[in-house]
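Mapped onto this note's numbering, the consecutive letters of the sequence shown carry residue numbers 578 to 843. For each residue, glycine too, the CB sits at the ideal point set by N, CA and C. Below: the structure, in C-alpha cells.
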Amino acid sequence: MNTEDSRTILPISIVIPAYSEEVVLPKLLESIKKQIFQPFEVIVADADSPDKTIEIARDFGCVVVKGGKVAVGRNAGAKVAKSDYLLFMDADTSLSTDTMLLEVFSDFVKTECDIASVGYVPEKKGSTRFGFLASTVLFSFWNTARKIQSITQNPSLEGGAFILVKKAAFDYLGGFDVAVALGEDRDFFARAVKAGYRYQHFNETINMSTRRFKSLKGTANAFGAGFLHYMLIGLGVYAGSKLVQKVLSKYGRLGGGKGKDQHEED
C-alpha cells in the first residue's frame, strides 16, 4: 500500500483473498490506510472478479495477484509477500481502530507467539436489526470460546477472518491446504499447534460484515454449518473429510462459496 508519509512501517504483509468485493473492500482498505503504524504492503489475491475489485485494490496501492478459492488466494498472496509476518484478512472485515495493527503486533511480540487471532464484532452500519442481533450472539460466543481455547492450545473454533502468523511458520507448514474445501483456516491453526507453534487469541476486535445474517435462511445456514462443523471437528473428524463436506453441504457454506469460493451475500 502506498504510504508516502513518515508513519512507521510494521514488518507485516496483509493478504486479502477476494472475489467480487467492490462493495466491502474499500472499507477494509480505508481502515488499513488510516492506521498510525502502516503495514509494509497489502496484497489482494483476486479470483477473476467481474466487478471493480481489482481497480479498487490498485487505486489503494495494493499489490494484486491472481487468486482462486480462499486457500489458493491466501497462498498466492503469501508467496509474493516480502515481510516476516503475514496477516490474512477477509475482504468483508475492517480494523476497528487506527491503532489496531500496532496493538495486535505488540501483543504478538510480547507473548512470543507464532500465530494469533482476534475477536469479531458485527458491523452495525448497513446491518438489519435481525442480522445485527444474530451476529452479536454468535460472535460473543465465538470470541469467548476461542479465548478459552487459546489457553488450552486447542484452536478447533478458529476462523480465517484475521490470522497473524510468522512467515517462517507459514512456510514450514506449507501454507493453507487447498484440498480442504471448508475449514482450511481451522486446519491451518490445528497443524500449527501440532507442529509446536504457539497460538494466541487477543482481545482486540475487527468489524465483521453481517451480510450472512440478513435473512432467516442465511442465519440458519451460518449457525447450522458452523455448529455441525465445530461438533465434527471436536470429535476429531478431519475437516476435509467427505463426511464433513457432505453434512455441511446440506446447510450451505459459511460466507457463500459460489463460483470462486469467495464471500458472497446470501
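Span of the alpha helix (DSSP H), counted from its first residue to its last, around residue i
i: F617; result: F617 -> not in any alpha helix (DSSP H); beta strand (DSSP E) instead, spanning Q615 to D623.
i: S590; result: Taken as a continuous stretch (DSSP letters only), S590 belongs to no alpha helix (DSSP H), being part of the beta strand (DSSP E) at I586 to A595.
i: F682; result: M677 to K687
i: A673; result: According to the sequence displayed, residue 673 carries Ser and not Ala. Taken as a continuous stretch (DSSP letters only), S673 belongs to no alpha helix (DSSP H), as it is neither H nor E.
i: L602; result: L602 to K610
i: L710; result: R706 to T729
i: K656; result: V647 to V657
Local conformation of residue i per DSSP, three classes
i: P699; result: strand
i: D838; result: Residue placement at D838 is flagged as unreliable, the pLDDT there being 45, under the threshold of 50; the coordinate-derived value follows with that caveat. If DSSP states are grouped into helix, strand and coil, D838 belongs with coil.
i: R830; result: Note that R830 scores 40 on pLDDT, short of 50, meaning its location in the model is unreliable and no value can be drawn from it.
i: K771; result: helix
i: V742; result: strand
i: N780; result: strand
i: A693; result: strand
i: K629; result: coil
i: F637; result: coil
Selection from the options that minimises the alpha carbon distance to residue i
i: G638; options: G645, E735, P616 and I692; result: P616
i: G760; options: P732, N720 and V714; result: P732
i: L587; options: E598, E735, Q726 and V681; result: V681
i: L750; options: T688, D623 and F765; result: F765
i: A622; options: W719, F665, A722 and F685; result: F665
i: I633; options: R651, Y596 and A722; result: Y596
i: P627; options: K724, E599 and K604; result: E599
i: I725; options: G752, K743, F753 and V695; result: V695
Alpha-carbon spacing of residue i relative to residue j, whole angstroms
i: A658; j: R706; result: 39 Å
i: E700; j: M785; result: 5 Å
i: I609; j: R775; result: 26 Å
i: K629; j: A767; result: 35 Å
i: F709; j: I620; result: 29 Å
i: G736; j: S683; result: 21 Å
i: T674; j: V698; result: 13 Å
i: P594; j: D667; result: 7 Å
i: I589; j: E618; result: 7 Å
i: R635; j: A624; result: 15 Å
i: F685; j: I631; result: 31 Å
i: D838; j: N652; result: With a pLDDT of only 45 at D838, under the threshold of 50, the placement of this residue in the model should not be trusted, and no figure is reported.
i: D669; j: G773; result: 31 Å
Whole-angstrom C-beta distance between residue j and residue i, which should lie under 8 Å
i: F747; j: I783; result: In fact, because the Cβ distance is near 20 Å, the residues do not count as touching under 8 Å.
i: F779; j: A722; result: About 15 Å; that fails the 8 Å criterion.
i: Q730; j: V770; result: 5 Å
i: L679; j: F614; result: 4 Å
i: Y662; j: L606; result: Incorrect: roughly 19 Å between the Cβ atoms, too far for contact.
i: Q777; j: S717; result: With 8 Å as the limit, Q777 and S717 do not qualify as a contact, their Cβ atoms being about 20 Å apart.
Test: residue i CB closer than 9 Å to a CB of chain C
i: V600; result: Here chain C cannot be found, since the structure has a single protein chain.
Residue range of the beta strand (DSSP E) that includes residue i
i: K643; result: V640 to K643
i: F753; result: No beta strand (DSSP E) holds F753; DSSP gives it neither H nor E.
i: L663; result: Y662 to M666
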